[in-house]
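Residue numbers (this note's numbering), protein chains in the order written: chain A, 11 to 372; chain B, 6 to 419; chain C, 23 to 169; chain D, 33 to 533.
No residue lacks a Cβ here, since even glycine has one placed at the ideal position from N, Cα and C.
Since the structure is predicted, the reported quantities are computational estimates derived from the model, not experimental observations.
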Amino acid sequence: MKKEGEIRIPSGCAISGILNKNGERINGEDIITSIELMRDRSNGLGGGFAAYGIYPQYEDLYALHIFYDDLVSKASTEDFLNRHFEIETAGKIPTRKKKGIDGEPLIWRYFVLPRRFKLHESELKESEYVARCVFRINGHYEGAYVFSSGKNMGAFKGVGYPEDIGRFFMLETYEAYLWTSHGRFPTNTPGWWGGAHPFTLLNWSVVHNGEISSYDANRRFVEMYGYDCTLQTDTEVITYIFDLLLRKHKLGLKQAVEIMATPFWREIALMSEEDQKKFEAIRAVYSSALINGPFSIILGFEGGMLALNDRIKLRPLVAAEKGDTLYVASEEAAIRVICSEPERVWSPRGGEPIIGLVEGRR
Amino acid sequence: MNYVIIGNSAAAVGCIEGLRKNDTKASITVISDEVHHVYSRPLISYYLAGTVTHENMVYRKADFYEKMNVKTMLGSKATAIDAKKKAVTLENGETVGYDKLLIATGSSAFVPPIDGLDKQNNVFTFLKYDSALDIEKLIDKDAKVVIVGAGLIGLKAAEGLAPVSGSVHVVEMADRVLPMILDEQGAAPVQAKMQENGVTFHLGITAQKVVDKDRVEKVVLKDGTEIACDVLVMAVGVRPNVAEAMAAGVKANRGILVDENMRTNVDDIYAAGDVTEAVDVTTGEHKIMALWPNAYLQGRAAAYDMCSAEHDFDGVFPMNAVGFFGLPIITAGVQDGEDMQVLSTGENGESKRFIVKDDILVGMILVGDVDRAGIYTYLMSEKIPLSTLTKKLTDDDFGLMAFEEEQRNERLSS
Amino acid sequence: MKKVYADEKWCLGCGLCNVYCRTCHSETNDIVKAHNFEEPRPKSRLHVETGEKVNFALQCRHCDDPKCVTACITGAMQKDPDTGLVTNDTDRCVGCWTCVLACPFGAIVRDEDAGKVAAKCDLCVKSGEPECVKHCPNNALKFEDRE
Amino acid sequence: MSLQLGWPDYMVIRDENRCIKCEVCAKQCANEVHKLDSDYDKMMADESKCVNCHRCVALCPTRALKIKVNDLEFKPNANWTGSAIKEIYKQASSGGVLLSGMGNTKPYPVYWDKMLINASQVTNPSIDPLREPMETSVLLGRKPEKLEFDKDGKLKTKMPPQVKLDVPVMFSAMSFGSISKNAHEALARAATDLNIMYNTGEGGLAKEFYQYGPNTIVQIASGRFGVHPEYLNAGAMLEIKIGQGAKPGIGGHLPGEKVGEAVSKARMIPRGSDAISPAPHHDIYSIEDLRQLIYSLKEATNYTKPVSVKIAAVHNSPAIASGIARAGADIIAIDGFRGGTGAAPSRVRDNVGIPIELALAAVDQRLREESIRNDVSLVVGGSIRNSADIVKAIALGADACYIASSALIAVGCHMCQNCYTGKCNWGIATQRDDLVKRLNPDIAYERLMNLITAWKHEIEELLGGMGINAIESLRGNRLMLRGIGLNQKELDILGIQHAGE
């Protein structure tokens, strides 16, 4: 049976996200409780979390989370890491034994900075340098897979139910101002830890419920710009599109949304002349970045989160607010289980983004 | 308003229908010496031949008068007209007042003086349904019919009677049949066709006398030829019935003189149909154009004028369609005159003859091939210069294609 | 009223209108039977005129003041005051051809075979559109109300 | 030479029981095959003149006619086939190049028919186009690498000119001259009302067609017929025609008989003169020359209209396409070797060029590898026969498709392939007045509208089935395709997996 990356595997899912807009950090218990409630949206073949603000002591270092199939791959990958990065500190990510979680790979964490001369030699921006190194490892080092590469954030994921994964990674011991999580229901997978969500690149993390029908159009588009879609997953390509638009093309979140869930022509026809021109330009230039087919996604980033549905809302997405906390989830119950009396609960329309930003951050 | 019509044939119907188009309320009275519901006079020969039933003799349906709200006084002969008092006196002394009067009294057969021809009960004219009904009683498979006159009426009588009688002899003073409308070329095939169907002709000769006891038994021609006779039809000509009108001061030559709106010289008195002499629009001359379609149109024109209604009446000119034993003949306009150019074509007994004056078609005779004749009629009535046409009149495929594009398209989109 | 209008610009002179007119006015209502077997042979009520550059198919114009009706000696030819249709009552028609003489379009057809009666376009609207219009391969005939 | 070694290609079969001698066949056959014999009152046929165009068959009201391929055969020989032998007879008798109309007739693989489209099941809902919006519009033109917005979210980037199509289909180049004015008018009107484009071909543009400008592509070909500033500015898009799928490497030849007054005016050549397009543009002997022409045209039209460059699909298409993109073309049009033509030497038509499917896949992949695919639009043509072909073309990577043969078939073409004789019985590929009028543009327009509307519906259905509601999400989405009966090399070039994988 082919594993993720050798074949494209469709899946359905549950997603959940919690953001404290003041940047106050909470531990992982709530997000586990929330995603656990949606257990029947998962099938035990994948679960994961992304957490922002968890490594304040290494705030300026890239936290590389890596799965190794074996020590051989670890050795060769570390050789690569050593050549390209200054490794501030490294070690196994702490885990605990958990029923239902087995077959786990070696799970290592490195806090790194690019080697000065290498970075200089590459004539790349630092972030691009790091991204390319990640692609390099994931594309060429068999048995190694970088599943998290941002600063002061990290992804935790694996094969199993998400709540079990969360407890396996002892997330109650981490504190973050933004948590996202994902429970997976793949229709066909050998259960590979790298294939679980969230998918991340640098500070971007994406959890996604859906199966985008525009996948190959999106993939072939981003691959023109140096991205290598090794996993063939929706989250991977969506993450890269965010990275391309937000980081490389320096567009705002709003524009990214206007591109990825662009208005219908019939809606554009009703807009002002200026907006018509704008959207015509968007649909001309970024037509291949339109995400088509059913999806609800949560993009996590340093500055907050963005939740978005496809244009005709073929996947569920609910949002709620209480105080400074913003909740999004596939189901309202998954919010209410951790926030009994939300001040406001709503269901955003297709293509209408929910953006939560953290004070003082980007 | 009170309209009175004397006569009950095509002109009367044209007048009634014209009046009712413009005035649904006025009183209309029809006075006729004939007792019949309005019938089609030209069908008499068909009736005798048995091709038209009594029921189908009617020109308008049985409820015509009722529907048109017309008062009829049938079987009442009008004997006098008082133009001053605006009243018509009937045979029974009754008077009928009018506001507007149409004289549509038609014509009567002219019976020439022939020795011995007097009051016999087997001598008929062929103008009225009553005569047809009388003839019918005397006709059987052995009946010998003699017809004097080979004009339209005579020949129609011959056509109608030939199939139902023993023999039909036609005596004509002229040297050909239909001398008034056909030239020799046109007349020959007609004569041939009739002979094929059992009609015997005595041309260029007149009937000198009849031999009779209480009925005519023989007709003797000038050359002494004797023709046995059970039924004698006199069809040498007709005379408009103008006497009563003239007595009232209406001007007439042979027929009542009318203008283009069918007015006579007397106020509120109009005349239409066979009784009139109207303007032939192709020549501008007054003449009697005793033809059914013209009578209708004239009656209707009179009606419109009586109501002071707009009417695009183009006037009339002689035109006639007849047929004998399946050989159709169409004639229109004049047949001869000065400065006329004649174009003709035809073969196998079919012929077309066109009379052109100053680039305008003024007359035609079509024998046999009469298809689309109306286009020629149109050329005549509209006086369309023939030089504007792209085809010759004698072309086999003459049609609307002959007209210039604009005119043609106007016709096609009408 | 709705009438059939010929557009000479598009008429190909193919004569299919004649074929379908004849069929429509046949006893059998079958093209092959109508043309090859039926006696008397049904008549088409159209005239297709063909020229070098233009062709057109012409049929009764159902005039407002039809000359054929005023000319008719028997009263067989009538214009229906409600529908505007000019029809000939073939039971009463004696085939005198006065209508042929009167029609300025030459649109009346002599049907000598079917008992010597005047045959003319009756707009055969039983099937929605006249047959000639329905079967014209180039839209050269239109059934329209242009008044 | 009276010696005729061949025999008529077709047999005219008339059912005497059904023939009503209406002579419609005789009146409608410009080749004068049918004739009413008045002596015997029978319809007769001269089969040697028949080209199997089916005009008579279609118009025969009693379905009394059939045209069949003459089944007379040579002794069976897999090498010396009947057509091979007959072609030799023809050339031995005429001494001329064999001419043919329309597209390649040889049994080369049609890759469209070897690719299958995906549909959603369970994991991803299919979308019902009757209930949900379904977008088939595309924008053709050069795209900047990225867009810039100001801090209020307003667009800062100045966009190059784009042409918007409501359906990713355009009527490809067919010159007024090769096709009749009525055919041209029908295409122009339908393109306008469908909000797509039609292409003037290399025949210039008659003044009366300027009204369709917003939906017109004006073509500039090697003969430069009818090209002048007003012409260049008359349309919404320009196209430099380098080559044509049916005859790559060959120029064009419109025989003088087809150059009547209107054609002469539009082309700016004398009446009755042959219009000969050279094989190459004599001002383009290399890629840098092309760049100059592209920019000359842009200058002439003040950078307000996208410029397309059309090439025939040949072996080296990917590299050529890359060069064209870099030379400044906004749109690259590629015409496959099954594309049609009014006239082409048969040998060229049947033996030169490559299938559009392979060229498209290779060009799209190459442009992506060079990261310039998003800069330009890619239009493909050359025997797009139905909406599924379009869906497959777009999934392979095209922005839009050109159709010509399909459009002509929609208005009556029966693919008899005798366009070059000028005696098109359907009034399409002819300038003979009596034949031209057989194509009533009102009818042809309506049929084109119907065809494209029908295809649009089908495209929407197929898109919906794939769970896609905007056609741009299909572009280059090769995962939606699977090959069937293809070898690995073909799959690799097409960039698709085999069905079942």
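- Close partners of residue 159 of chain C in chain D (Cβ separation under 7 angstroms): 91.
- Annotation for residue 214 of chain A: the continuous beta strand (DSSP E) segment containing it runs 214-220.
- The beta carbon of residue 54 of chain C falls within 7 angstroms of a beta carbon belonging to chain D, placing the residue at that interface.
- The segment 271-300 of chain B is shown to contain no whole alpha helix (DSSP H) run of 4 or more residues.
- The contact set of residue 173 of chain D on chain A, defined by CB atoms closer than 9 angstroms, consists of 294 in chain order.
- For residue 216 of chain B, same chain residues with a beta-carbon under 6 angstroms away, outside a window of 5 residues either side, are 222 and 223 in chain order.
- Across the set D:215, D:253 and D:226, the C-alpha of D:215 shows the shortest separation from the C-alpha of residue 241 of chain D.
- Residues 77, 78, 79 and 203 of the same chain have their beta carbon placed closer than 7 angstroms to that of residue 115 of chain A, with the five preceding and five following residues left out of the count.
- Sorting A:160, A:305, A:275 and A:342 by C-alpha distance to the C-alpha of residue 220 of chain A places A:305 at the top.
- Under a 10 Å Cβ-count criterion, residue 458 of chain D is classified as buried, with 16 or more other Cβ atoms of the shown protein chains found around its own Cβ.
- Looking at the backbone, the Cα of residue 194 of chain B and that of residue 114 of chain B are separated by about 27 angstroms.
- Sequence-distant Cβ neighbours of residue 42 of chain B in its own chain, meaning closer than 6 angstroms and more than five residues away, are 63.
- Legend: CB atoms of the segment 466-483 of chain D lying less than 7 angstroms from CB atoms of chain C belong to residues 469, 470, 472, 474 and 475.
- Taking each of A:326, A:23, A:223 and A:360 in turn and checking the Cα distance to residue 268 of chain A, the smallest one comes out for A:360.
- Secondary structure in the segment 72-108 of chain A: the alpha helix (DSSP H) runs of 4 residues or longer, each lying completely within the stretch, are 81-94 in chain order.
- By the criterion of a C-beta distance shorter than 6 angstroms, residue 131 of chain D is surrounded in its chain by 375 and 452, once the five residues flanking it on both sides are discounted.
- Distance from the Cα of residue 34 of chain A is smallest, within the candidate group A:152, A:45, A:334 and A:47, for A:334.
- Taking C-beta atoms as the reference points, residue 171 of chain B and residue 147 of chain B count as a pair closer than 7 angstroms.
- For residue 508 of chain D, the nearest CB of chain A lies under 7 angstroms from its own CB, placing it at the interface with that chain.
- Judged by DSSP in its simplified three-state form, residue 151 of chain A adopts coil rather than helix or strand.
- Bounds of any alpha helix (DSSP H) do not take in residue 62 of chain A; it lies within the beta strand (DSSP E) bounded by 57-62.
- The residue from B:259, B:419, B:162 and B:111 with its alpha-carbon nearest to that of residue 136 of chain B is B:162.
- Counting along the chain, residue 120 of chain C sits inside no beta strand (DSSP E); it lies in the alpha helix (DSSP H) bounded by residues 120-124.
- By the beta-carbon neighbour count (other beta carbons within 10 angstroms, threshold 16), residue 516 of chain D is exposed.
- Per DSSP, the unbroken alpha helix (DSSP H) holding residue 270 of chain A starts and ends at 263-270.
- Residue 321 of chain B places its beta carbon less than 7 angstroms from that of residue 302 of chain B.
- Closest by C-alpha distance to residue 112 of chain C, out of B:394, B:81, B:350 and B:57, is B:57.
- Considering only A:284, A:314, A:118 and A:85, the residue with the shortest C-alpha distance to residue 152 of chain A is A:85.
- The DSSP-derived three-state label of residue 364 of chain A is strand.
- Following the DSSP letters along the chain, one finds residue 157 of chain C inside the alpha helix (DSSP H) bounded by residues 153-157.
- Where residue 105 of chain B is concerned, the enclosing beta strand (DSSP E) starts and stops at 105-108.
- Taking 8 angstroms as the upper bound on Cβ-Cβ separation, chain C lies near residues 53, 54, 55, 56, 59 and 60 of the segment 53-67 of chain D.
- Among the residues facing chain A, residue 155 of chain D is included, as its CB has a counterpart in that chain under 7 angstroms away.
- Counting the other Cβ atoms within 10 Å of the Cβ of residue 55 of chain B gives fewer than 16, which makes it exposed.
- For residue 462 of chain D, no CB of chain C lies under 7 angstroms from its own CB, so it is not counted at the interface with that chain.
- Within chain C, no C-beta atom comes less than 9 angstroms from the C-beta of residue 185 of chain B; the nearest is roughly 17 angstroms away.
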